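From first to last, the protein sequence lines are chains A and B. Start counting the first sequence at 1; every next residue gets the next number (my numbering). Start counting the second sequence at 379; every next residue gets the next number (my numbering). Backbone N, C-alpha and C fix where the C-beta goes; we use that ideal spot for every residue, glycine too. The model shown is predicted, which means the values in this text are computed figures rather than measured ones. Accompanying notes for the structure given below.
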Amino acid sequence: MKVILGFIPLLDCASLVVAAERGFAAEEDLELALVRETSWANIRDRVVIGHFDAAHMLGPMTVASTLGIGHVKVPVIAPFALGLGGNAITVSLRLWEQMTHEGASAGSNPSTHAAALKRVVTHRERSRQEPLTFAMVYPFSCHNYELRYWLAAGGIDPDRDVRLVVIPPPFLVDALRAGQIDGFCVGEPWNSVAVQAGVGTILVPTTAIWPSSPEKVLGCRLEWAQRHPKQLAALQRALYRASLWCEQPANHTELAGLLAQPRYVGAPAHLLRQALGGQLTLTTNSPPVHLGNFYTPAHNNATFPWVSHALWFYEQMLRWKQIEFAANHLAAVRATYRPDLYRAALASISADIPTEDTKVERFFDGQTFDPRGFDMER
Amino acid sequence: MSCCLHWHPGFHCGTGVAPSAEMADLALRILLVDQNVTRASILEEGLREAGYTNVSVVRDMQNLLRRIVDADPDVIFIDLENPNRDVLEQMFQVSRCVRRPIAMFVDHSDTDMIRAAVESGVGAYVVDGLRKERVKSILDMAVSRFNAFSQLRDELDRAKQELEDRKVIERAKGILMRERGLSEDAAYGLLRKAAMNENRRLAEVAQSVVTAARLLK
């Protein structure tokens, strides 16, 4: 059975690549054809029209497609998550210097960094300088929402006090070097590439903002999942085993070499290797720091599609006025993430599957997101 | 969210007035965003030949928002190989300075049309409210020109490949003639026989001969 999968060259396409290259798909009688794409809009369109059976997708994209925000309304589901974490916020050396004058130092916690940034923002406003510009990769992405959450928690209005723009990951480092932007939120390896190029400093991994933050998912049309339940279940099992393989430290060097190939991520193997091991070099010429939960492909239920994630994304869409609330949205949002399909596919091979569909999400500023409360408030 | 890349505070938003429904469709403003100069020219030429006079082309992505504001387009095309497609979509969503373009046929009435566009490698956006019938012929034109370009590129790639193949076969023939004292025909016959026996392309066998000769030098 052939399955065509689209992906974007980022660290967390790892389990798709490993499933195809290390026999996990073959064990399930699947032949995976991986197609590298250049934009998230292309991924969305090619899933919607059926060029791709499924794809490496931004979690919030599946919700946006299901609700029809920004594009054609087509029910898309997320029956499997492609790990936790893997993102960071990086700023230009110039902004970093300004922030250090305002109390930030390498490795500070997100609150200290946000307070320092707030002072820089206020100072710029008073002296009538242009607002700072931050980039992210797509409006319906965890990067956008994590960046906004952190800014807002620090008292910075992301829509008024700074400018937010979209720039594709491969162009971010150049944009930072050229002074077009002052910072960005993106997945690895692009933060490390900026540090290595000597143009940026990593402020915080987004796991410091939201410790068990989700990232990409496997996304497919609901209609494809209904027509090909066996393929989808086989794909979920292959990806699950591939995720476990990706997580083994003994495999990290081999995995980094595989991802470094131009047809996959095409970034330096040593940077990918570091990120896989949770090692990040925050500033140029400093030793890497170890972050326990930077990128988690498998454990901590990293592949489970929590419905609370979909609901949190929807709350962010409302908070940042990407969509108006409608009562019928809630059921549609809930139906986007499919823990039921996850359990059905993996019951026989995994002992550690949550029995609940939602959980309480906790953030760095002490706030929580309780999906039960969210439903009741509406 | 404020405006986007390279936004200059002193710069005023577009003042273009939306064309009325009676206005000739040939007056529709069309913007092409394509980094490939040849392909953009092929489509631009096609549109002009068909009588569309308001066609502008953006090739480099600097000042993209300003170019869009200046062109005030009714229809926008972007090549799908362009990673800046995500940049463009966000500008449409958040910028108050451009009339809001939306993905073509967002009402889902014509998936074949969307499929044809994506397959030809073009993304299309139209200003909200513009009737589908008014832009269908423009989209058809874009799809057929993009396809024509792909065909041209394929033919060019094939021609290049054939030229490369011929060169390597000539060199392999030369080596066989020199090393084994064969005539040109006999050398060619030998290569062809080896290719048939090994079920490989003639050029591949020729390449092995050239490589081996280099190693044995």
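Between the beta-carbon of residue i and the beta-carbon of residue j, is there less than 9 Å?
i: S192 of chain A; j: C142 of chain A; result: no
i: L406 of chain B; j: N432 of chain B; result: yes
i: R549 of chain B; j: V588 of chain B; result: yes
i: G501 of chain B; j: D457 of chain B; result: yes
i: A269 of chain A; j: G257 of chain A; result: yes
i: V289 of chain A; j: Q279 of chain A; result: yes
i: I547 of chain B; j: L580 of chain B; result: yes
i: Y342 of chain A; j: F52 of chain A; result: no
i: P297 of chain A; j: C246 of chain A; result: yes
i: I385 of chain A; j: L222 of chain A; result: Outside the modelled stretch of chain A, which goes from 1 to 378, sits residue 385 of chain A, for which no answer is possible.
i: V3 of chain A; j: L32 of chain A; result: yes
i: T100 of chain A; j: A116 of chain A; result: yes
i: K216 of chain A; j: M57 of chain A; result: yes
i: A114 of chain A; j: A153 of chain A; result: yes
i: N301 of chain A; j: D352 of chain A; result: yes
i: W190 of chain A; j: L172 of chain A; result: yes
i: A55 of chain A; j: C220 of chain A; result: yes
If we define contact as Cβ-Cβ less than 9 Å, is residue i a contact residue for chain A?
i: R578 of chain B; result: no
i: Q529 of chain B; result: no
i: L508 of chain B; result: no
i: R444 of chain B; result: no
i: L458 of chain B; result: yes
i: N441 of chain B; result: no
i: F547 of chain B; result: For the record, residue 547 of chain B in the displayed sequence is Ile; it is not Phe. Taking Cβ atoms only, chain A never reaches closer than 9 Å to I547 of chain B, which makes this a no.
i: P461 of chain B; result: yes
i: I454 of chain B; result: no
i: R417 of chain B; result: no
i: Q471 of chain B; result: yes
i: D403 of chain B; result: no
i: R437 of chain B; result: no
i: E585 of chain B; result: Checking the displayed sequence, the identity of residue 585 of chain B turns out to be Gln instead of Glu. Chain A contact via Cβ: absent.
i: V496 of chain B; result: yes
What does the alpha-carbon distance come out to for the pair residue i and residue j?
i: Q413 of chain B; j: D438 of chain B; result: 6 Å
i: D182 of chain A; j: D518 of chain B; result: 42 Å
i: G552 of chain B; j: A537 of chain B; result: 23 Å
i: N575 of chain B; j: Q539 of chain B; result: 23 Å
i: V121 of chain A; j: P211 of chain A; result: 26 Å
i: L560 of chain B; j: Y566 of chain B; result: 9 Å
i: V333 of chain A; j: D535 of chain B; result: 46 Å
i: A400 of chain A; j: V166 of chain A; result: Chain A is shown from 1 up to 378; residue 400 of chain A falls before or after that span and cannot be answered.
i: W320 of chain A; j: E542 of chain B; result: 56 Å
i: L410 of chain B; j: F304 of chain A; result: 42 Å
i: G59 of chain A; j: S308 of chain A; result: 12 Å
i: S394 of chain A; j: L255 of chain A; result: Because chain A in this structure spans residues 1 to 378, residue 394 of chain A falls outside the shown range and cannot be described.
i: F184 of chain A; j: L244 of chain A; result: 30 Å
i: M61 of chain A; j: L218 of chain A; result: 11 Å
i: A238 of chain A; j: P9 of chain A; result: 20 Å
i: A399 of chain B; j: V435 of chain B; result: The predicted position of A399 of chain B is uncertain, since its pLDDT is 40 and thus under 50; a value taken from the coordinates is nonetheless stated next. Roughly 25 Å between the two C-alpha positions.
i: A335 of chain A; j: V513 of chain B; result: 36 Å
i: G429 of chain B; j: V496 of chain B; result: 25 Å
i: I420 of chain B; j: M1 of chain A; result: 40 Å
When the cut-off is 9 Å and only beta carbons count, does residue i lie next to chain B?
i: V199 of chain A; result: no
i: I323 of chain A; result: no
i: E168 of chain A; result: Per the sequence shown, residue 168 of chain A should be read as Pro rather than Glu. Chain B contact via Cβ: present.
i: F427 of chain A; result: Residue 427 of chain A lies beyond the residue range present for chain A, which begins at 1 and ends at 378; the question has no answer from this structure.
i: I49 of chain A; result: yes
i: Y138 of chain A; result: yes
i: R338 of chain A; result: no
i: A41 of chain A; result: yes
i: G70 of chain A; result: yes
i: F171 of chain A; result: yes
i: V91 of chain A; result: no
i: V165 of chain A; result: yes
i: D53 of chain A; result: no
Could you please give me the residues that DSSP links to residue i through a beta bridge?
i: T133 of chain A; result: A:R163
i: F184 of chain A; result: A:T90, A:A135
i: A31 of chain A; result: Per the sequence shown, the amino acid found at residue 31 of chain A is Glu instead of Ala. Looking at the DSSP assignment, E31 of chain A forms a beta bridge with A:K2.
i: K389 of chain A; result: Limits of chain A in this structure are 1 at one end and 378 at the other, which puts residue 389 of chain A out of reach.
i: R221 of chain A; result: A:V76
i: S434 of chain B; result: B:L409
i: E361 of chain A; result: A:F369
i: Q279 of chain A; result: A:H290
i: R36 of chain A; result: A:F7
Should residue i be counted as a contact of the ligand MG given a C-beta to heavy atom distance under 8 Å?
i: G277 of chain A; result: Inclusion of the ligand MG in the displayed structure is not the case, the ligand content being empty and no account of it being possible.
Discussion item. Just to confirm the assignment: which complete beta strand (DSSP E) runs, minimum length 3, are found wholly within the region 46-127 of chain A?
Written reply: Runs found: 54-58, 76-81, 87-92.
Practice prompt. Could you name each continuous alpha helix (DSSP H) segment of 4 residues or more that falls completely within the region 307-332 of chain A, going from the start of the chain to the end?
Written response: 307-319
Fill in: Segments assigned beta strand (DSSP E), at least 3 residues, entirely inside the region 500-574 of chain B
500-505
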